[in-house]
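Engineer: Got a structure for you, questions after.
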Amino acid sequence: MILTNTTNYFGQLVNYLSEQMGIGGQILAYVLVAAIYLSFFAVAGLLLVYVERRVAAFFQLRLGPNRVGPHGLLQTIADALKLLSKEIFGTNRKDNLLYKTAYYLVIIASLVSLSVIPFSRGIQAFDINVGVFFISAVSSVGVLGILFGGWGSNNKYSLIGGMRSGLQMISYELSSGLAIITMVLLAGTLQMSGIIEAQRDTWFIIKGHIPALIALFIFVVAGTAESNRTPFDLPEGEAELGAGYHSEYSGMGFAYFFLAEFINMFIISAVGVTLFFGGWLAPFHLTDSLPWQPLWGAFWFFMKVAVFIFFMMWFRWTFPRLRIDQLLTLEWKYLLPIGLVNIILMAVLVYYNILISF
Amino acid sequence: MSYLGDVIGGIKTLMKGMKVTGSYFFPNVINKKYIITRQYPDEPAIVMERFKGEVVMWHNENNEHRCTGCQACEIACPNGSIEIIWNRVLNEETGKKVKQIDKHIYHLGMCTMCNLCIQACPTNAIMWSTNFHNSTYDRSKLTKVLNKPGSKLMAGVEE
């Protein structure tokens, strides 16, 4: 099995429990790992919603939620409880199967991509040899969920929102894929842990200097577009589409879409951190001699992801929304050609070894 | 070369926008001049002196007011927000009966803050307060008695 790798803490758990209790223990271990990931999904989603509201408020010289709990920390929990207790209703003429499967697809896509992300040394459920490729493949399934939601709602605004989302995600996946390939040229592997090991001495953003910077820029733009955030939030453009593809969802159905959007932001930041900023590696080997290595790794990983997420929020509260033709012009006339040239540049640099490394 | 120029110009303008919003986010790092909002319930509110919050009656430290009970304000009030209950009391020194207010009743719920009562008052007994925390859960609490219990007319007002 994939999980039985002994350098992995989840693998050790599976091995231990299956030795103790046989096949039942193995299943128990899988359930435990799944529970850990589900609870991480919920906690990270709620925390990100809180952080987003708070950061947005500070950008607009407001305070944001600060009344429920200390500094408003319990606000999103209260919101989630409210959404849980709400009645779920939809339109009469919806396509029931598509309408109901839509949010599960979105959630499953983000949860499965979460399983490949290395949080620290040995804290990764699913260390396969095509890790980055797997993430970009699975995150496309999320588009399917949004398209299902838009079609199944039987509402023209939802349909336009869903179609726009499909258009946007399929376009921008090209660019983010090209940026990922550019960095994979430096690592020589698609495995997430392998990519991090390759950065042990020099992070790729320094090692790959100019093409890495261009790739980072392309990746951030494409990643923001893939997670459907402003300036690319055409699928739920409030001015023209109401709420876009999730207009007809209420209660937890809406909350799933909402949480998945924030988890997608986390996943894109995590992939960016892994590819460009050395994942869970400490800067300048600061904490390499200290005990509790996995915890230090997780600390640095989450710090880097937090900075990355903060920049995505900064973009959101600064830039105005693009028109649909501007969106496509940006992708097909600017990002894609620059990305293609960038790959060639990076390949030449790697071939002649014109790289910065310490 | 206008293609690369467009790209670089685009990045430049994006950076410019981020600099503006960044200065909002880090006001302590860059400058504080943008912060003009007062966080009212946490910080005290600034109210202008001329603000017309509610009508009050001035009392000095001996619990004396300046209202002679002439009812000019009651007559001036366009919507009957002021009622004065008064009676005549014998003044021991002069032996004359003089008017004295018993209750100066002010219906804040009906008041339109038109300032006519204060203009009409010949002895400057009533004035504006800047207090604006006037909301209550019960409408009867908006009917106020302006003179404090046990208060009496200040000496020398009625010449």
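If you read the sequences in order, they're chains A and B.
Taking this note's numbering, I'd label the letters of the first sequence as residues 41 to 398.
Taking this note's numbering, I'd label the letters of the second sequence as residues 115 to 273.
Ideal Cβ placement from N, Cα and C applies to all residues, glycine included.
1) Using the Cβ count rule (16 or more neighbours within 10 Å means buried), how would you classify residue 391(A)?
2) Of all the CB atoms in chain B, is at least one closer than 8 angstroms to the CB of residue 340(A)?
3) How many Å lie between residue 249(B) and residue 316(A) at the Cα?
4) When you compare the CB of residue 131(B) with every CB in chain A, is at least one pair closer than 8 angstroms?
5) In chain A, which residues lie with their C-beta within 8 angstroms of the C-beta of residue 138(B)?
6) Might you give, ordered along the chain, the residues of its own chain that have their beta carbon closer than 6 angstroms to the beta carbon of residue 104(A), omitting 5 neighbours on each side?
7) Using a C-beta to C-beta distance shorter than 8 angstroms, which residues of chain B count as neighbours of residue 359(A)?
8) Using a Cβ-Cβ distance cut-off of 8 angstroms, determine whether residue 153(B) contacts chain A.
9) Please tell me whether residue 121(B) has its Cβ less than 8 angstroms away from any Cβ of chain A.
10) Applying the criterion that 16 or more other CB atoms from any shown protein chain within 10 Å of the CB defines a buried residue, is residue 41(A) buried or exposed?
11) Strictly below 7 angstroms CB to CB, what residues from chain B border residue 374(A)?
12) Do you know whose CA, among 338(A), 248(A), 395(A), 360(A), lies nearest residue 163(A)'s CA?
13) How is residue 126(A) classed by DSSP in three states: helix, strand or coil?
14) What does residue 200(B) pair with, by DSSP beta-bridge criteria?
15) In the DSSP output, what is residue 258(B) paired with across the bridge?
16) Using a threshold of 8 angstroms, state whether the C-beta atoms of residue 223(A) and residue 267(A) are closer than that.
17) Can you list, in chain order, the residues of its chain whose CB lies under 8 angstroms from that of residue 137(A), leaving out five sequence neighbours each side?
18) Between which two residues does the alpha helix (DSSP H) holding residue 343(A) run?
19) Note down, in chain order, every chain A residue with its Cβ under 7 angstroms from the Cβ of residue 274(B).
20) For a test of the three-state rule: what should DSSP assign to residue 61(A), helix, strand or coil?
21) Over what stretch of residues does the beta strand (DSSP E) that includes residue 168(B) continue unbroken?
22) Measure the Cβ-Cβ separation of residue 367(A) and residue 262(A) and say whether it is below 8 angstroms.
Structural biologist: In short:
1) exposed
2) no
3) 57 angstroms
4) yes
5) 98, 99, 100, 101
6) 93, 94, 97
7) 128, 131
8) yes
9) yes
10) Here residue 41(A) scores only 43 on pLDDT, less than 50, and its place in the model is too uncertain to base an answer on.
11) 121
12) 338(A)
13) Shown here, residue 126(A) sits in coil according to DSSP, grouped into three states, outside any helix or strand.
14) 215(B)
15) DSSP, once it has assigned bridges, lists 220(B) as partnering residue 258(B).
16) no
17) Cβ neighbours of residue 137(A) beyond the five flanking positions: 192.
18) 333-356
19) No answer is possible for residue 274(B): the residues shown for chain B start at 115 and end at 273.
20) helix
21) 168-171
22) Residue 262(A) sits away from residue 367(A), with the two beta carbons spaced by 8 angstroms or more.
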